[in-house]
Amino acid sequence: MISAIMIGAGSRGIGAYGAYAELNRERIRFVGVADPDPMRRGYFAMKHAIAMENQFTSDEEILMQPKMADVCFICTQDNMHFVPAKKAIEKGYHLFLEKPMAVNPFDCIELGKIAEANHVHLMIGHVLRYTPFFATIKQLLDSGRIGRLISIQHNENVAFWHQAHSFVRGNWRNRKLSSPMILAKSCHDLDLMIWFAKAHPIKVSSFGSLSHYKSEFIPKGAPKFCMDGCQYAKECPYFAPKVYLNAPDWLKLPVSNDMSDDALLKALKKGPYGRCVYQCDNDVVDHQVTAIEFANEITVAFTMTGFTHENTRTIKLMGTKGEIRGHMDKNILEVYQFGTEAPEVISTVAKSSGHGGGDEGIMEALIALIEEGKNTDITDHNASIESHLLAFAAEESRLSGKTIDFAAYVATLSR
Ligand SMILES: NC(=O)c1ccc[n+]([C@@H]2O[C@H](COP(=O)([O-])OP(=O)(O)OC[C@H]3O[C@@H](n4cnc5c(N)ncnc54)[C@H](O)[C@@H]3O)[C@@H](O)[C@H]2O)c1
Numbered sequence: 000m001i002s003a004i005m006i007g008a009g010s011r012g013i014g015a016y017g018a019y020a021e022l023n024r025e026r027i028r029f030v031g032v033a034d035p036d037p038m039r040r041g042y043f044a045m046k047h048a049i050a051m052e053n054q055f056t057s058d059e060e061i062l063m064q065p066k067m068a069d070v071c072f073i074c075t076q077d078n079m080h081f082v083p084a085k086k087a088i089e090k091g092y093h094l095f096l097e098k099p100m101a102v103n104p105f106d107c108i109e110l111g112k113i114a115e116a117n118h119v120h121l122m123i124g125h126v127l128r129y130t131p132f133f134a135t136i137k138q139l140l141d142s143g144r145i146g147r148l149i150s151i152q153h154n155e156n157v158a159f160w161h162q163a164h165s166f167v168r169g170n171w172r173n174r175k176l177s178s179p180m181i182l183a184k185s186c187h188d189l190d191l192m193i194w195f196a197k198a199h200p201i202k203v204s205s206f207g208s209l210s211h212y213k214s215e216f217i218p219k220g221a222p223k224f225c226m227d228g229c230q231y232a233k234e235c236p237y238f239a240p241k242v243y244l245n246a247p248d249w250l251k252l253p254v255s256n257d258m259s260d261d262a263l264l265k266a267l268k269k270g271p272y273g274r275c276v277y278q279c280d281n282d283v284v285d286h287q288v289t290a291i292e293f294a295n296e297i298t299v300a301f302t303m304t305g306f307t308h309e310n311t312r313t314i315k316l317m318g319t320k321g322e323i324r325g326h327m328d329k330n331i332l333e334v335y336q337f338g339t340e341a342p343e344v345i346s347t348v349a350k351s352s353g354h355g356g357g358d359e360g361i362m363e364a365l366i367a368l369i370e371e372g373k374n375t376d377i378t379d380h381n382a383s384i385e386s387h388l389l390a391f392a393a394e395e396s397r398l399s400g401k402t403i404d405f406a407a408y409v410a411t412l413s414r
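According to numbering that gives the first Met the number 0, the stretch in the sequence shown is residues 0 to 414, in order.
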């Protein structure tokens, strides 16, 4: 059994890691919480029976106390990771830090160094490595089923409604308020590409822009807020009441802690999630494509796009002896071996729903890491740092229009 504190009892803090602890009380126990929102803090404290004196209103406050647990979870927003992460490590906590680790490459590198200097484990919330779906792909590759891996075509299908929710109206809409979308949404995917390729990236090129969710596409006469009598309510797929009233809880929570229809409608009336998607303060891309070459000649074409019907990941891995095709949400892998017609179809059922089973898988890996010191290539923070740096390099390429020499880029980051 390990003990933990939670900084940021929001969607991830409550819904992913808190939820795991509720179901696995003999494995992990939260003994402290910090969140300025009294409802969220109180809810988390109630679910985990946290004593009043261990409930705090900020990261600063909880980290001023003497160390009270094995691990500190940091599940605040992207630009609020670095400062508490550094403090927690220096206090001697092992750290579970939500991705992205930090919003600039220097801070990512520094966190790795501080963790090493303080001899604590640093685990980043790259949950996809822990899904049965991607873990099975890894096993298939390592077993040589498709020969030597040569190329990967990977798609992050964000879905039009998710793009609008998170990257147009929501928390990750604006680079300055959070981080570039390739980092916020896709450091997971870049992490998988490095994991599969088993090599360092050498070159990266990326293109993309914000092409649709902007003022030039405001339907004629549409008001700033959907509920101010928008005449396109019926046909617009983004009409806020239509999106949120029947949505899953994780989509409703950022809109309002009280998820009743009345409270949601009230929040949508003048709140950020009730805005016309063509009239927000968003500036992150809505589509981006990234090409990567690895040191062992493996190439990757990775597309992240908001313009999809489904919210899922689809992948094709091409090797010298065969091909793997996968659809994450269907949990289906098809393995083709050259010279045979029919594929082997593998169904990879996840034990739980959060991120295809990844939320549960990463908690189990964290507990094993703290209790037994098991440090596999899955949990190594240096791998996570490299995938973050690859995201920053891709963004640099997108903005500069140049192909980035990855090693040279990383060399510029030493301070
Ligand atoms: N691993 C994944 O797959 C995954 C998925 C989604 C989000 N994320 C990341 O997880 C992080 C959290 O996302 P979320 O959707 O849960 O956000 P959220 O906004 O729902 O939760 C953040 C919480 O932090 C609290 N907070 C604000 N200031 C604080 C402070 N000073 N001290 C303590 N708490 C404070 C807020 O009140 C809120 O409850 C983000 O970095 C996000 O990018 C990771």
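For glycine and all other residues, C-beta sits at the position ideal for the given N, C-alpha and C.
From the options, pick the residue whose C-alpha is nearest to that of residue i; which is it?
i, options, result
"Thr313", "Gly321, Thr304, Lys320 and Thr319", "Thr304"
"Gly360", "Leu189, Leu110 and Tyr16", "Tyr16"
"Ala134", "Tyr92, Pro65 and Asp376", "Asp376"
"Ile61", "Phe195, Lys86 and His387", "Lys86"
"Met0", "Pro247, Val70 and Gly325", "Val70"
"Leu250", "Val348, Ala3, Met5 and Ser10", "Ser10"
"Asn423", "Gln54, Thr75 and Lys175", "Since the displayed the chain opens at 0 and closes at 414, residue 423 lies outside it and no answer follows."
"Thr298", "Leu121, Thr289 and Ser150", "Ser150"
"Arg239", "Leu267, Tyr408 and Phe216", "The residue you asked about is not Arg; residue 239 is Ala in the sequence shown. When only C-alpha atoms are compared, the closest one is Leu267."
"Ala48", "Ala20, Leu96 and Leu127", "Ala20"
"His199", "Ala393, Ile291 and Ser185", "Ile291"
"Gly338", "Gly228, Thr319 and Phe81", "Thr319"
"Ala364", "Ile403, Thr311 and Val126", "Val126"
"Cys281", "Leu191, Asp358 and Met180", "According to the sequence displayed, residue 281 carries Asn and not Cys. The residue with the shortest Cα to Cα distance from Asn281 is Met180."
"Ala3", "Glu385, Phe29, Ala18 and Gly14", "Phe29"
"Gln287", "Ala393, Val82, Ile323 and Asp227", "Ala393"
"Arg144", "Tyr408, Leu332 and Ala410", "Leu332"
"Phe43", "Glu52, Asn53 and Val32", "Val32"
"Arg147", "Gly41, Leu121, Arg324 and Ala196", "Ala196"
"Asp58", "Gly7, Gly91, Ile88 and Gly12", "Gly7"
"Ile384", "Val348, Leu368 and Ile113", "Ile113"
May I ask whether a heavy atom of ligand 1 can be found less than 7 Å away from the beta carbon of residue i?
i, result
"Pro247", "no"
"Asn173", "no"
"Ile151", "no"
"Val126", "yes"
"Asp58", "yes"
"Gly7", "yes"
"Ala48", "no"
"Lys98", "yes"
"Thr75", "yes"
"Arg168", "no"
"Gly12", "yes"
"Asp190", "no"
"His387", "no"
"Ala183", "yes"
"Arg274", "no"
"Arg324", "no"
"Asp36", "yes"
"Pro253", "yes"
"Arg312", "no"
"His380", "no"
"His354", "yes"
"Ala3", "no"
"Met33", "Looking at the sequence itself, residue 33 is Ala, so the reference to Met does not match. Flag set: Cβ of Ala33 near ligand 1."
"Met122", "no"
"Met303", "no"
Does the beta-carbon of residue i have 16 or more other beta-carbons within 10 angstroms, so that it is buried, or is it exposed?
i, result
"Asn245", "exposed"
"Ser210", "exposed"
"Phe166", "buried"
"Asn295", "exposed"
"Phe105", "exposed"
"Asn381", "exposed"
"Pro218", "exposed"
"Leu388", "buried"
"Asn154", "buried"
"Asp257", "exposed"
"Phe293", "buried"
"Phe216", "exposed"
"Pro99", "buried"
"Arg128", "buried"
"Ala221", "buried"
"Glu97", "buried"
Does residue i come within less than 8 Å of chain B when only Cβ atoms are used?
i, result
"Ser57", "The chain inventory of the structure shown lacks chain B, comprising one protein chain alone."
**Asked** Is the region 100-117 close to the region 131-145, with three or more CB pairs under 8 Å?
**Response** no
**Item:** the region 323-335 touching the region 124-132, judged by at least three CB pairs closer than 8 Å
**Value:** yes
**Message:** For the region 307-321 against the region 266-273, do three or more pairs of beta-carbon atoms, one drawn from each stretch, fall closer than 8 Å, so that the two count as touching?
**Reply:** no
**Request:** Tell me, please, whether the region 395-402 touches the region 204-221 by the rule of three or more beta-carbon pairs shorter than 8 Å.
**Result:** yes
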